[in-house]
Amino acid sequence: MDQKKTRQSKKKQSPEKKEEVQEKEVVKSKGKQQKGAKNAGDNEDKKGEQKIEKQQVVKGEDKKAKQVQQGDSKFELGDGRFSTPTVKIASWNVNGIRAATKREQAVKYLQDTKFDVICLNELKADQAVFDKENLGAQFGKHYFLYLNFCKNKGGYSGVAIASKVKPISVKCDIGISKHDQEGRTLTAEYERFYLVACYVPNAGQKLERLDYRTKEWDVDFQNYLEDLRKKKPTILCGDLNVSHHEIDLANPAGNKKTAGFTQEERDQFTNYLQKGWVDSFRHLHPKEVKYSYFSARFNSKQSNKGWRLDYFIINKESTDAIIMSDINTAVEGSDHVPIECEVDLRKL
Numbered sequence: 001m002d003q004k005k006t007r008q009s010k011k012k013q014s015p016e017k018k019e020e021v022q023e024k025e026v027v028k029s030k031g032k033q034q035k036g037a038k039n040a041g042d043n044e045d046k047k048g049e050q051k052i053e054k055q056q057v058v059k060g061e062d063k064k065a066k067q068v069q070q071g072d073s074k075f076e077l078g079d080g081r082f083s084t085p086t087v088k089i090a091s092w093n094v095n096g097i098r099a100a101t102k103r104e105q106a107v108k109y110l111q112d113t114k115f116d117v118i119c120l121n122e123l124k125a126d127q128a129v130f131d132k133e134n135l136g137a138q139f140g141k142h143y144f145l146y147l148n149f150c151k152n153k154g155g156y157s158g159v160a161i162a163s164k165v166k167p168i169s170v171k172c173d174i175g176i177s178k179h180d181q182e183g184r185t186l187t188a189e190y191e192r193f194y195l196v197a198c199y200v201p202n203a204g205q206k207l208e209r210l211d212y213r214t215k216e217w218d219v220d221f222q223n224y225l226e227d228l229r230k231k232k233p234t235i236l237c238g239d240l241n242v243s244h245h246e247i248d249l250a251n252p253a254g255n256k257k258t259a260g261f262t263q264e265e266r267d268q269f270t271n272y273l274q275k276g277w278v279d280s281f282r283h284l285h286p287k288e289v290k291y292s293y294f295s296a297r298f299n300s301k302q303s304n305k306g307w308r309l310d311y312f313i314i315n316k317e318s319t320d321a322i323i324m325s326d327i328n329t330a331v332e333g334s335d336h337v338p339i340e341c342e343v344d345l346r347k348l
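FYI, the numbering for the sequence shown is 1 to 348, going by the UniProt record's numbering.
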């Protein structure tokens, strides 16, 4: 989620506020990490309201997690086999891992043993900060941790996968230089499927990145996913920065020119699904009104005025494998709430 969506005011700004950039590569196993970059702030907004993210200062040395420098090809890998017939996956845009892990409820969620995999978006921390503050220790000891930080800007973007099972392979980014600087994707290959954790670029408060988002990123990322599904069933999860239908946000009429609900973004998402992909939540809950993002202002969560920007998408041939797909609005710690999905491996 790049910038933050707030309510409506006079200016229409993007519904999120986030982005990230920085050093390259990703990390692995239980609190171990790799290289980093520097800290920076973020932009954001939504409809005339602007919120300034303040940079947090790194406090003391704390107990440092063991650090391992490595690239895509040297992750801690395994056979990708789960011992259970079903897999439970969570995905959460934490809007800053440092801030989120100061919340007891968020830490409890990251350590919950009921999930086989937890994917995170918008870490907003570089490797140096991640290591210095020992942030890997906030995850449960049953997880192997894999990370992809932003390469060209500190304190921006970043994705992570915490997995009980070591994947067969792990890939940072999608292999196209113009898209691969912001640490937006991480792909883990398991025995039965690929899992892609993704934080899609926001079109911007003034829609300055709308063409990039819809004509470049969406096209290339969708091609990347198509290539994966030719090999194995593929699950995409994360903050996809689009509310597909009017049911997916509280004020559709007032947001037609707001990032995340422009016709261009919605059309691209429609085109993607029509290629043979399924929005798992909408598949199971065709008429349910539920949101995954709430502006931090104006009591939007209490009044249930939000956006559904976070998704679990699965290739159409594996639709029958979806057991559960839901949005957990009870969890605090970010302007987004976690989404959760359970999949039957036997039906993939």
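C-beta atoms are modelled at their ideal positions from N, C-alpha and C, and glycine is treated no differently.
Span separating the alpha-carbon of residue i from that of residue j
i, j, result
"residue 137", "residue 147", "14 Å"
"residue 158", "residue 130", "11 Å"
"residue 253", "residue 340", "29 Å"
"residue 241", "residue 83", "33 Å"
"residue 346", "residue 338", "25 Å"
"residue 348", "residue 112", "25 Å"
"residue 75", "residue 170", "7 Å"
"residue 264", "residue 185", "22 Å"
"residue 94", "residue 179", "22 Å"
"residue 172", "residue 92", "18 Å"
"residue 309", "residue 344", "24 Å"
"residue 211", "residue 245", "20 Å"
"residue 335", "residue 152", "25 Å"
"residue 187", "residue 197", "6 Å"
"residue 228", "residue 326", "25 Å"
Bridge-paired residues (DSSP) for residue i
i, result
"residue 315", "277"
"residue 163", "117 and 144"
"residue 190", "According to DSSP, which records beta bridges pairwise, residue 190 is partnered with nothing at all."
"residue 257", "Answer is none; residue 257 lacks a bridge partner."
"residue 339", "91 and 327"
"residue 249", "307"
"residue 176", "Its beta-bridge partners do not exist; DSSP assigns none."
"residue 197", "186 and 237"
"residue 293", "307 and 336"
"residue 344", "86"
Where the alpha helix (DSSP H) through residue i begins and ends
i, result
"residue 100", "97-100"
"residue 90", "Unbroken run through residue 90 is the beta strand (DSSP E), 86-93; no alpha helix (DSSP H)."
"residue 104", "104-110"
"residue 170", "Element bounds for residue 170: not the alpha helix (DSSP H) but the beta strand (DSSP E), 169-172."
"residue 226", "218-229"
"residue 129", "127-132"
Start-to-end residues for the beta strand (DSSP E) that takes in residue i
i, result
"residue 236", "234-239"
- Does the pairing of the segment 102-122 with the segment 326-339 give three or more beta-carbon distances under 8 Å? By the Cβ rule, the segment 102-122 counts as touching the segment 326-339, because three or more pairs are nearer than 8 Å.
- Count the C-beta pairs between the segment 93-100 and the segment 180-195 that are closer than 8 Å, then say yes if the count reaches three, no if not. no
- Query: Is the segment 152-171 touching the segment 118-129 in the sense that three or more CB pairs, one from each, lie closer than 8 Å?
  - Reply: Output reads yes: the segment 152-171 touches the segment 118-129.
- Pair every Cβ in the segment 224-240 with every Cβ in the segment 301-315, then say whether three or more of these pairs are closer than 8 Å. Enough Cβ pairs lie closer than 8 Å, so yes.
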